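Peer 1: Residue numbers (my numbering): 1128 to 1221.
Beta carbons are placed, not taken as given, at the ideal position from N, Cα and C, and that holds for glycine.
Owing to the predicted nature of the structure, the values given are computational and were not obtained by experimental measurement.
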Amino acid sequence: METKELVFITVIGRDRKGIVATISTFLYESGINIVDINQRIMDDGYFVMTMLVDVRQATPSMDELVRAMEKIGQDLQMKIQVQHENIFKMMHRV
């Protein structure tokens, strides 16, 4: 069984068409597999999405992924944060 290299992606901003499609298309084209996805639209029209993705076979480096997600966020007028699982675990350790 191959181990996964997991990364959390969080997306927040005003709801609009194409958010999921734009991000998931980029991930697919970059060899990144979506392991889990959760999204909802809040009462005030804000879109919130969290994704857990496996970057083990990704073509971009982690730095390139972060920059690409920042660019997509700017294009969509959204805030996109990318965080490696190891950093997430360290920050949320009890």
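Could you give the distance in angstroms between the alpha-carbon of Thr-1186 and the alpha-carbon of Asp-1171?
Peer 2: Start at 1 with the first residue of the sequence shown, and residue 1186 comes out as number 59. Start at 1 with the first residue of the sequence shown, and residue 1171 comes out as number 44. Each residue's alpha carbon lies about 37 Å from the other.
Peer 1: Reducing DSSP to helix, strand and coil, say where Met-1196 ends up.
Peer 2: The count along the sequence shown starts at 1 and reaches residue 1196 at position 69. Met-1196 falls in the helix class under three-state DSSP.
Peer 1: From Gln-1208 to Ile-1136, what distance separates their C-alpha atoms?
Peer 2: Here residue 1208 refers to the residue found at position 81 when the sequence shown is read from its first residue. Here residue 1136 refers to the residue found at position 9 when the sequence shown is read from its first residue. Approximately 6 Å, taken between the alpha carbons.
Peer 1: Please report the straight-line C-alpha distance between Val-1162 and Glu-1212, rounded to a whole angstrom.
Peer 2: As a working note, residue 1162 is residue 35 in the sequence shown. As a working note, residue 1212 is residue 85 in the sequence shown. C-alpha separation (whole angstroms): 13 Å.
Peer 1: Could you give the first and the last residue of the continuous alpha helix (DSSP H) run that contains Thr-1152?
Peer 2: As a working note, residue 1152 is residue 25 in the sequence shown. Counting along the chain, the alpha helix (DSSP H) containing Thr-1152 begins and ends at 1146–1156.
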